[in-house]
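These notes concern the structure reproduced below.
Number of protein chains: 2
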Amino acid sequence: MVTLKDIAKQCGVSVASVSKAINHMPGVGQQTAQRIRDMARKMGYLPNAAAQALKTNRSFNIGVLLEDDDRHGLLHHFFVSVLEHFKMAMEEMGYDLMLMNRTIGRRTVSYLEHCRHSNLDGVFVACIDFFHPELQELAAAGIPLVSIDHTYKGHPSVYSDNVEGIRKAVKYAHKLGHRRIAYISGAPAGVTARREEGFRMAMAQLGLEVPQEYRVFSRYRDIKLTQKATARLLALPTPPTCILMPDDYASLGGIKAIREAGLRIPEDISIIGFDGLPTFEHAHPRICTVYQDVKTIGTEAARLLLQRIENKAQPFEESPVIVPVRLVKGDTVAQIAES
Amino acid sequence: MVTLKDIAKQCGVSVASVSKAINHMPGVGQQTAQRIRDMARKMGYLPNAAAQALKTNRSFNIGVLLEDDDRHGLLHHFFVSVLEHFKMAMEEMGYDLMLMNRTIGRRTVSYLEHCRHSNLDGVFVACIDFFHPELQELAAAGIPLVSIDHTYKGHPSVYSDNVEGIRKAVKYAHKLGHRRIAYISGAPAGVTARREEGFRMAMAQLGLEVPQEYRVFSRYRDIKLTQKATARLLALPTPPTCILMPDDYASLGGIKAIREAGLRIPEDISIIGFDGLPTFEHAHPRICTVYQDVKTIGTEAARLLLQRIENKAQPFEESPVIVPVRLVKGDTVAQIAES
DNA sequence: TTGCTATTCTTAAACGTTTTCGCTTGTAGT
DNA sequence: ACTACAAGCGAAAACGTTTAAGAATAGCAA
């Protein structure tokens, strides 16, 4: 491993000068600096991340907190998609991503402790249980942090425009003649309230009633539960003609229930999902869904976090960034005659 | 931040003793060691990873190389599932996972350079293009490495039993009366050859012919291409009655082609996928597929890599670990009358 | 008592950086 | 010719840890 010292020896200068030259700091003459840099390249010099981190307290590492109920956060299609774009943006700025856990050696520690141990410069949070005490602790510790679909006080966050998303879905169904629209909402996460609010508002605005039985609960990404919820809706005396699902993945359960009831999509009943991820883009039938702009969400998160890292000092008090959504029409909403 | 020095001061001992006590090294008396450890706990001491890495040349960080053609490795269902289990196993042993990239600061470097820069103890490789020169370089550099679905000379690797998987699929189709079985194979990756071999062998063993037109090529996870390949098969004078798809995801393309041809699954034509990931477990129709045991693959990979890291010295010459597969019957293979 | 060994602890160097400060020049201003 | 000042460079400390080697103490046999 070639170090600054080796380069210094070869160039006949001090280690200090080499460091300055390589980092393009003032205090070294133009030609010496160039000579040093040439030599460094020739010798295949690479800075030692550990030494740099030790000295500067900057690791250029970002912790990634992705964890859903089953502790399988990496399998969460939506968040992983966001992460992918976040990653690309961070890489471009020279940061590495580290999958956070709760061990140091053989010892179990908190996320915050792990953070400090590894000198993480910031954390990306996109798990489901935002209210876990350890996350509260992490957020309170003042470590730069950005979160998706939830806001921690004093930290930046990014959301899709959930209200508008649901509104678009409802409007579209209404335009195609649907009047009896039901909403299966997800687990109590930050975005759920907004989506429910969007549903309520959109329906009210269109002068549509929402019977109590049309608002049922499931959980995000829960196929079984969504299947049951859908079955319950279908069994109603006057069932809805269109159902909004918690998300595309969960809608698989809805589809199952509909098939089991002997109904066809969309001829007998229409459904609309949420997320619009490519995985389901080619499924049959192609679901009508609210597309979340994962690329923008990811890159915005990166931008905000970087900004936070640079200006660690001053407290942060901005509102969350809201990213526009888009309705993808698909094949699961039918035109029906107004009744 | 509380350091060894702080603890030493509080306990009235030297930094060296504190270090030894905390790491349970000999050379410190029983009661002093206990006193030191108690104090460390009380003061909330956490070792500084950077300092440790600098001193010991061990970072307890593992690089993760997940990258398919579109540079979206994190979205690859199968590899991410394996990674998830690999991660859990590595965490248990005190290792962190780092998503590798090719930048240091603003500069673009090779994977090997990034490895050295970050002092990675080992690398997990599961991307598609195993033949990329940078990966060859990485493997040749002697850094502990484990790979999935490909073997680098001198390094451990883990595979599903691809030959047996395809064989099981063919046998199952045969048992249900299929005689004209086609195979759409994936891109030229390590496993492809084995699967093709498995197909050839199984067919031969059952005394079935494989017309040249029944062996067509697509790419893994490529819906469009698989759609075309399927369409081509369906257009043959004597089309197959059962088609083996490259993987479950790509089979969505096959399903599309079949539908467009006005055929039903499985009444008119049967299909079998590969992977058996939960994402498609609830799709309709539920595909018959070869389940890869991602948990075992991931944990085996972890075990092998750890072993490699411990015994870095001696060269490694073992054969790849082969993990058994299981046929998931699903609803996409019909019983047909023997013709 | 003396000498020896084992135990407990400390000193100090080292890992590879960054960064402050001070020294030596050279140049320009008076 | 003297002073000022800036520019270029080097010495050295520091970051927090590990670890080899040495010093001090105690125990024990002769």
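Respectively, the protein sequence lines represent chains F and E. Under numbering that gives the first Met the number 0, the first residue of the first sequence carries the number 0, and numbering increases by one thereafter. Under numbering that gives the first Met the number 0, the first residue of the second sequence carries the number 0, and numbering increases by one thereafter. For every residue, glycine included, the Cβ atom is placed at its ideal position computed from N, Cα and C.
Check: By the criterion of Cβ-Cβ separation under 9 Å, what are the contact partners of E90 of chain F in chain E?
Finding: The residue labelled residue 90 of chain F in the question sits at position 91 within the first sequence. Residues of chain E passing the Cβ test: L98, N100, R101, T102.
Margin query: Assuming V157 of chain F is part of the beta strand (DSSP E), what are its boundary residues?
Written below: Indexing the first sequence from 1 puts residue 157 of chain F at position 158. First-last of the beta strand (DSSP E) with V157 of chain F: 156-159.
Check: By the criterion of Cβ-Cβ separation under 7 Å, what are the contact partners of H154 of chain E in chain F?
Finding: Here the question's residue 154 of chain E lines up with position 155 in the second sequence. Within 7 Å Cβ-Cβ: nothing; H154 of chain E doesn't reach chain F, min ~22 Å.
Note to self: If contact is defined by three or more beta carbon pairs under 8 Å, each pair taking one atom from either stretch, is the stretch 138-156 of chain E in contact with the stretch 250-265 of chain E?
What the structure shows: no
Next item on the list: Just tell me which of F:I222, F:L235, F:R263, F:R307 has its CA closest to the CA of G253 of chain F.
Entry: Here the question's residue 253 of chain F lines up with position 254 in the first sequence. Among F:I222, F:L235, F:R263, F:R307, the Cα nearest to that of G253 of chain F is on F:I222.
Check: Which partner residues of A181 of chain E appear in the DSSP bridge assignment?
Finding: In the second sequence, the residue the question calls residue 181 of chain E occupies position 182. In the DSSP secondary-structure assignment, A181 of chain E is bridged to E:I242.
Next item on the list: Determine the DSSP secondary structure at Q334 of chain F, reduced to helix, strand or coil.
Entry: Indexing the first sequence from 1 puts residue 334 of chain F at position 335. Note: Q334 of chain F maps to coil in three-state DSSP.
Item checked: The beta strand (DSSP E) enclosing S269 of chain E, as first and last residue numbers -> Within the second sequence, numbered from 1, the residue matching residue 269 of chain E stands at position 270. Counting along the chain, the beta strand (DSSP E) containing S269 of chain E begins and ends at 269-274.
Next item on the list: Let me know the secondary structure DSSP gives R218 of chain F once reduced to three states.
Entry: If you number the first sequence from 1, residue 218 of chain F lands on position 219. R218 of chain F falls in the coil class under three-state DSSP.
Check: the stretch 242-259 of chain F: which residues have C-beta closer than 8 Å to a C-beta of chain E, in chain order?
Finding: Y248, L251, G252, I254, K255, R258
Notebook entry, point to check: Taking C-alpha atoms, which residue in E:T278, E:V122, E:R231, E:A203 lies nearest to I183 of chain E?
Noted result: Residue 183 of chain E sits at position 184 when you count from the first residue of the second sequence. Checking every option, the nearest Cα to that of I183 of chain E belongs to E:R231.
Check: Would you report the Cα separation of L45 of chain E and I264 of chain F, rounded to the nearest angstrom?
Finding: As a working note, residue 45 of chain E is residue 46 in the second sequence. As a working note, residue 264 of chain F is residue 265 in the first sequence. Looking at the two C-alpha atoms, the distance is approximately 57 Å.
Next item on the list: Mind listing the chain E neighbours of G272 of chain F? Cutoff is C-beta to C-beta under 8 Å, in chain order.
Entry: To locate residue 272 of chain F, count along the first sequence from 1; it is residue 273. Going along chain E, no residue has its Cβ under 8 Å from G272 of chain F, so there is no contact; the nearest lies around 13 Å.
Check: Enumerated in chain order, which unbroken segments of the beta strand (DSSP E) with a length of 3 residues or greater are wholly contained in the stretch 65-101 of chain E?
Finding: 95-98
Checklist line | For F123 of chain E and F77 of chain E, believed in contact at Cβ under 8 Å, the rounded distance | finding: As a first step, residue 77 of chain E must be located in the second sequence, where it is residue number 78. As a first step, residue 123 of chain E must be located in the second sequence, where it is residue number 124. With a Cβ gap of about 14 Å, F77 of chain E and F123 of chain E do not count as contacting.
Note to self: Starting from Q291 of chain E, trace the beta strand (DSSP E) in both directions and tell me its first and last residue.
What the structure shows: For the purposes of this step, residue 291 of chain E is taken as residue 292 along the second sequence, with counting starting at 1. Taken as a continuous stretch (DSSP letters only), the beta strand (DSSP E) holding Q291 of chain E covers 287-291.
Check: Can you list, in chain order, the residues of its chain whose CB lies under 8 Å from that of A188 of chain F, leaving out five sequence neighbours each side?
Finding: Along the first sequence, read from residue 1 onward, the residue named residue 188 of chain F stands at position 189. The beta carbon of A188 of chain F sits closer than 8 Å to the beta carbons of I127, F129, D148, H149, Y219 from its chain, once the five residues preceding and following it are set aside; these are given in chain order.
Check: Roughly how many whole angstroms lie between the Cα atoms of I180 of chain F and V320 of chain F?
Finding: Translated into the one-based positions of the first sequence, residue 180 of chain F becomes position 181. Translated into the one-based positions of the first sequence, residue 320 of chain F becomes position 321. Computed Cα separation, rounded: 29 Å.
Next item on the list: Can you pull the chain E residues whose beta carbon is under 8 Å from the beta carbon of L45 of chain F, in chain order?
Entry: Residue 45 of chain F sits at position 46 when you count from the first residue of the first sequence. In chain order: I103, V108, E112, R115, H116.
Item checked: Positions along the stretch 307-331 of chain E whose CB lies within less than 7 Å of some CB in chain F -> none
Next item on the list: Using alpha carbons as the reference points, say which of F:A192, F:T229, F:A48, F:S156 lies closest to N118 of chain F.
Entry: Position 119 of the first sequence, counted from the first residue, corresponds to residue 118 of chain F. If you compare the alpha carbons of F:A192, F:T229, F:A48, F:S156 with that of N118 of chain F, the shortest gap goes to F:A48.
Note to self: Among E:T31, E:V190, E:M38, E:I268, whose alpha-carbon lies nearest the alpha-carbon of S159 of chain E?
What the structure shows: Numbered from its first residue, the second sequence carries residue 159 of chain E at position 160. By alpha-carbon distance to S159 of chain E, the top candidate from E:T31, E:V190, E:M38, E:I268 is E:V190.
Note to self: So for S146 of chain F, helix, strand or coil by DSSP?
What the structure shows: By one-based count along the first sequence, residue 146 of chain F stands at place 147. Looking at S146 of chain F - three-state DSSP - the assignment turns out to be strand.
Notebook entry, point to check: Contact between the stretch 271-289 of chain E and the stretch 308-322 of chain E: three or more CB pairs below 8 Å?
Noted result: no
Note to self: Can you confirm whether the stretch 55-65 of chain E touches the stretch 32-45 of chain E when touching is taken to mean that 3 or more C-beta pairs between the two stretches lie within less than 8 Å?
What the structure shows: Put simply, the stretch 32-45 of chain E does not touch the stretch 55-65 of chain E. Fewer than three CB pairs are less than 8 Å apart.
Check: So, do the stretch 319-336 of chain E and the stretch 288-304 of chain E have three or more beta carbon pairs nearer to each other than 8 Å?
Finding: Yes: the two stretches touch, three or more of their Cβ pairs being nearer than 8 Å.
Note to self: Here's a check: name, in chain order, each residue in its chain whose Cβ is nearer than 6 Å to the Cβ of V209 of chain F, leaving out the five neighbours to either side.
What the structure shows: On the first sequence, position 210 is the one that residue 209 of chain F refers to. Same-chain partners within the cutoff: M202.
Margin query: If the criterion is Cβ atoms closer than 7 Å, does the pair V289 of chain F and A168 of chain F meet it?
Written below: As a first step, residue 289 of chain F must be located in the first sequence, where it is residue number 290. As a first step, residue 168 of chain F must be located in the first sequence, where it is residue number 169. Against a cut-off of 7 Å, the Cβ pair of A168 of chain F and V289 of chain F comes out as a contact.
Next item on the list: With a threshold of 16 other CB atoms inside 10 Å of the CB of P155 of chain F, please say whether the residue is buried or exposed.
Entry: To locate residue 155 of chain F, count along the first sequence from 1; it is residue 156. Taking a 10 Å sphere around the C-beta of P155 of chain F, we find 16 or more other C-beta atoms and assign the residue as buried.
Next item on the list: Please confirm if I296 of chain F has its CB atom under 7 Å from at least one CB of chain E.
Entry: Residue numbering aside, residue 296 of chain F sits at position 297 when the first sequence is read from its first letter. Not a single C-beta of chain E is nearer than 7 Å to the C-beta of I296 of chain F.
Check: Comparing the C-beta of H393 of chain E with each C-beta of chain F, is any distance below 7 Å?
Finding: The displayed coordinates of chain E run from 0 to 338. Any statement about residue 393 of chain E would go beyond what the structure contains.
Checklist line | A282 of chain E: contacting residues in chain F (beta-carbon distance under 7 Å) | finding: The residue labelled residue 282 of chain E in the question sits at position 283 within the second sequence. Within 7 Å Cβ-Cβ: L251, A282.
Checklist line | T345 of chain E classed as buried or exposed, judged by whether at least 16 other C-beta atoms fall within 10 angstroms | finding: In this structure chain E extends from 0 to 338, so residue 345 of chain E is not present and cannot be described.
Checklist line | CB contact check: E66 of chain E to chain F, cutoff 7 Å | finding: Translated into the one-based positions of the second sequence, residue 66 of chain E becomes position 67. Output row for E66 of chain E: interface = no.
Check: If we cut at 7 Å on Cβ distances, does E83 of chain E have a partner in chain F?
Finding: Here residue 83 of chain E refers to the residue found at position 84 when the second sequence is read from its first residue. Interface with chain F (7 Å Cβ-Cβ cutoff): E83 of chain E is included.
Check: Is there at least one Cβ from chain F nearer than 7 Å to G93 of chain E's Cβ?
Finding: Here residue 93 of chain E refers to the residue found at position 94 when the second sequence is read from its first residue. True, the Cβ-Cβ gap to chain F drops below 7 Å.
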